[in-house]
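Since the structure comes first, as structure tokens, the remarks are kept for the end.
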Amino acid sequence: MLRKIFMLFFMIFMFPSAICLASLIIDDYSPENFSFNVNLGVMDNEGTADQLNASYSITADLGSGFTGQYIYNELETKITIDGNKRIKSKQINLLKNERNGISFLLGSSQNELVGYSSHTSIIAGIQGRVSIAPNTHAYAAMTSGNSVEGYAVGIGYNLTPNTELRLDYSNMRYKDLAAEDITVKVPYGGIVYWF
2 MLRKIFMLFF MIFMFPSAIC LASLIIDDYS PENFSFNVNL GVMDNEGTAD QLNASYSITA
62 DLGSGFTGQY IYNELETKIT IDGNKRIKSK QINLLKNERN GISFLLGSSQ NELVGYSSHT
122 SIIAGIQGRV SIAPNTHAYA AMTSGNSVEG YAVGIGYNLT PNTELRLDYS NMRYKDLAAE
182 DITVKVPYGG IVYWF
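Using the numbering used here, you'd call the opening residue of the sequence shown number 2 and step up by one each time.
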């Protein structure tokens, strides 16, 4: 089991860095399934943390091994740029579910430093999931694009067949929104519900 976890994280971190959010992690879907994921996180930018940040995602099985996903995240940063501290990030992704818990994604990410600048980029990524105990799994994801990149790692526990609790850590770097890149590190707790 420890070997599986090591191999998952080794594989993920061999690729260029990346993410958008911890809500990026998808699961095994059967036809006509979809899920709703809500996360709350405490922002840790430059070693300080005091803001609660929310994100959500909606994920749906499209059939033939493909999954569609919409992610929304709003972050209150510690960095003030011309009086602005909020970053809004929206993603639309198409994921191809492969064997052994591995998925690849291609999508579009729109990132905005509210009232200052915004950029849209094409993103690509990989994610993986491995069972580590009954009803428990570890996961990791990476995405990369021309205006955002990062990674997320976490653990999930199935409370019921339709409900999962998650603890995640995500590290994101937003590029070209200000004179300098903005890095946001967020530990998240969340819940996923499958319909």
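Ideal placement from N, C-alpha and C gives every residue a C-beta, glycine not left out.
Cβ pair residue i, residue j closer than 8 angstroms
i    : j    : result
A141 : Y152 : yes
N112 : S148 : yes
T68  : L96  : yes
D62  : F105 : no
I127 : S109 : no
G64  : G102 : no
Y170 : G191 : no
DSSP three-state assignment for residue i, whether helix, strand or coil
i    : result
R100 : coil
G108 : strand
V1   : This structure cannot settle anything about residue 1, because the visible part of the chain is limited to 2 through 196.
V193 : strand
M12  : Confidence at M12 is low in this model, with a pLDDT of 43, below 50, so its placement is unreliable and the value that follows should be read with caution. Reduced to three states, the DSSP call for M12 is helix.
S58  : strand
L3   : Low local confidence applies: a pLDDT of 48 at L3 is under 50, so the model's placement there is unreliable, with the coordinate-based value given in what follows. Note: L3 maps to helix in three-state DSSP.
N34  : coil
G48  : Reliability of the predicted coordinates at G48 is poor, the pLDDT of 39 falling under 50, and no value is obtained from them.
Among the options, nearest to residue i - alpha-carbon criterion
i    : options                : result
R167 : P188, E181, M173       : P188
A55  : D62, G129, Y73         : Y73
E77  : K176, V185, Y71        : V185
I124 : S65, V43, K91          : K91
T144 : S132, V193, S122, E165 : S122
K89  : Y194, I183, T164       : I183
M173 : S132, Y117, G146       : G146
Paired residues, beta bridge with residue i - DSSP
i    : result
L63  : In the DSSP output, where bridge partners are listed per residue, L63 has none listed.
I88  : L76, L114
I127 : F105, M143
Note to self: Just to confirm the assignment: which complete alpha helix (DSSP H) runs, minimum length 4, are found wholly within the region 136-189?
What the structure shows: DSSP runs (the alpha helix (DSSP H)) wholly in the region 136-189: none.
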